[in-house]
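One structure is given below, encoded as structure tokens.
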Amino acid sequence: MWVSEIRYATIGCSDLEASLRFWRDVVGFELLSRTPAGGAGLERAWGLEPGTGAEVAVLRYAGIATGQLRLVQFTTRSGVHVRTRADDPWAIGIGALDCNVRDPEGTFRRLRDAGYESEAPHPHYYVIDGLEQSEVVFRTPDHVNLVLVGAMNYPPAMARPNLPGDFSALTVVSQFVRDIDASAKFYGDGLGLELAFDAWVDDRTRPLINAMVGIPAHADLRLAAYRTPGEPDGKTLLLQTKGIPVTSIADRMRPPHLGVVMLSHATDDLDGLRLRLRQIGGTPVTVPGLVPGAGGSVRSFLARAPGGTMLEFYEEAREQ
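The structure is reproduced here in structure tokens:
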């Protein structure tokens with residue numbers, strides 16, 4: 001059985017046109033398809049109320065088949081956002097989407113000039129373990145946090161080289177979890193993804209990292225990342241805090257809510273994966289049905305990861 005890295009982040013949109021203006025017109029993702037969707041298959045796969053339809057736009061960056069976006073505006077409107085400004089940044093659940101940028105100052109100005117709000121007045125530059133980088137968080141439509149990462153001297157395994165434009169596909173999607181060890185069993189042993197790193201942030205680096213993540217300076221923070229070997233995009237970043245009270249927003253992560261409602265992984269054995277999901281720490285939420293993908297309809301179902309993050313698994317033959 002094979003399971004891919006994160007192929008899509010699906011965003012529930014209050015205004016599909018506003019989301020397209022950001023992701024397509026400002027950031028530069030290519031619109032692959034824009035189609036209506038509905039029916040029993042979609043309702044079954046995504047756990048929607050009967051009669052709920054959607055308009056679905058699929059986007060990718062520079063032809064890259066991973067780290068893609070699926071923007072969905074549902075006919076049944078929800079006022080519930082998966083993550084809001086009132087939530088603690090370290091609340092259990094989805095954190096942010098990351099894009100690498102070649103020109104941190106130029107891309108920062110572009111987004112600010114287009115009217116989008118950043119959490120800081122300028123990118124923050126730092127060096128960790130010899131890697132020169134910058135970060136700044138932007139608030140995008142429907143309260144989705146986008147981290148622009150200036151990957152100045154990243155190796156090819158961390159940042160895809162020679163990309164056109166100034167941005168990238170989604171390189172990392174972060175989520176806060178209560179127990180990284182339980183999540184490690186799921187993502188590593190269960191799904192077969194490769195552990196890129198796993199460590200508690202040391203005392204020297206903690207003030208810098210905590211400030212960027214938005215957690216109190218005294219809190220301990222553990223980071224672990226999972227990926228497909230050799231693939232720089234679509235990585236899963238797990239974060240676990242210690243020493244501060246923790247709440248959860250994970251139950252809000254589901255369609256037809258607004259914001260990031262699911263993260264999608266391809267598999268060549270959809271039914272087999274669903275049968276063994278509980279053994280590896282996951283929880284099936286729906287049964288398979290047909291949903292829109294980049295190349296047409298695909299079979300998929302939803303499941304909760306150990307931290308509560310909503311995942312979609314869809315059927316795809318593995319390339320040899």
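Numbering-wise, the numbering used here puts 68 at position 68 of the sequence shown, and it's gapless, one number per residue. Ideal Cβ placement from N, Cα and C applies to all residues, glycine included. Remember, it's a predicted structure, so these values are computed and weren't measured experimentally.
Under the three-state reduction of DSSP, residue 123 is assigned to coil, being neither helix nor strand. Where residue 18 is concerned, there is no enclosing beta strand (DSSP E), although the alpha helix (DSSP H) around it starts and stops at 16–20. By the Cβ rule, the region 275–287 does not count as touching the region 6–13, because fewer than three pairs are nearer than 8 Å. As summarised for the region 199–249, the continuous beta strand (DSSP E) elements at least 3 residues long and confined to that stretch are 220–227, 235–242, given in chain order. Taking a cut-off of 8 Å for Cβ pairs, the region 178–187 and the region 51–66 do not touch, as fewer than three such pairs fall below it.
DSSP places residue 182 in the uninterrupted alpha helix (DSSP H) bounded by 180–184.
Taking each of 146, 255, 223, 130 in turn and checking the Cα distance to residue 82, the smallest one comes out for 255. Contact annotation: residue 193 and residue 154 have beta-carbon atoms that are not nearer than 8 Å. The three-state secondary structure of residue 48, taken from DSSP, is coil.
The C-beta distance from residue 175 to residue 95 rounds to 6 Å, short enough to meet the 8 Å contact threshold. A residue is called buried once 16 or more other Cβ atoms fall within 10 Å of its Cβ, and residue 135 is buried on that count.
The continuous stretches of alpha helix (DSSP H) do not include residue 164, and DSSP gives it neither H nor E.
No Cβ-Cβ contact shorter than 8 Å links residue 68 with residue 77. Judged by DSSP secondary structure, residue 292 falls within the beta strand (DSSP E) whose first and last residues are 289–293.
Between residue 300 and residue 287, the CB-CB gap reaches or exceeds 8 Å. Excluding residues up to 5 positions away in sequence, 266 lie with their Cβ nearer than 6 Å to the Cβ of residue 316 in the same chain. Residue pairing by DSSP places residue 143 in no beta bridge whatsoever. A straight-line Cα-Cα distance of about 7 Å links residue 159 and residue 100. The DSSP-derived three-state label of residue 306 is coil. Look at residue 64 here: in three-state DSSP terms it is coil, with no helix or strand label. Counting along the chain, no alpha helix (DSSP H) covers residue 36; the unbroken beta strand (DSSP E) around it starts and ends at 30–37. Rounded to whole angstroms, residue 163 and residue 138 show a C-alpha spacing of 22 Å. By the Cβ rule, the region 236–253 counts as touching the region 211–221, because three or more pairs are nearer than 8 Å.
Using a 10 angstroms sphere on the CB of residue 20, the tally of other CB atoms reaches 16 or more, which defines it as buried.
The alpha-carbon of residue 133 is positioned some 12 Å away from that of residue 147. With a cut-off of 8 Å on Cβ pairs, the region 19–33 is not in contact with the region 211–218, counting fewer than three such pairs. In terms of Cβ geometry, residue 52 and residue 43 form a close pair [threshold 8 Å].
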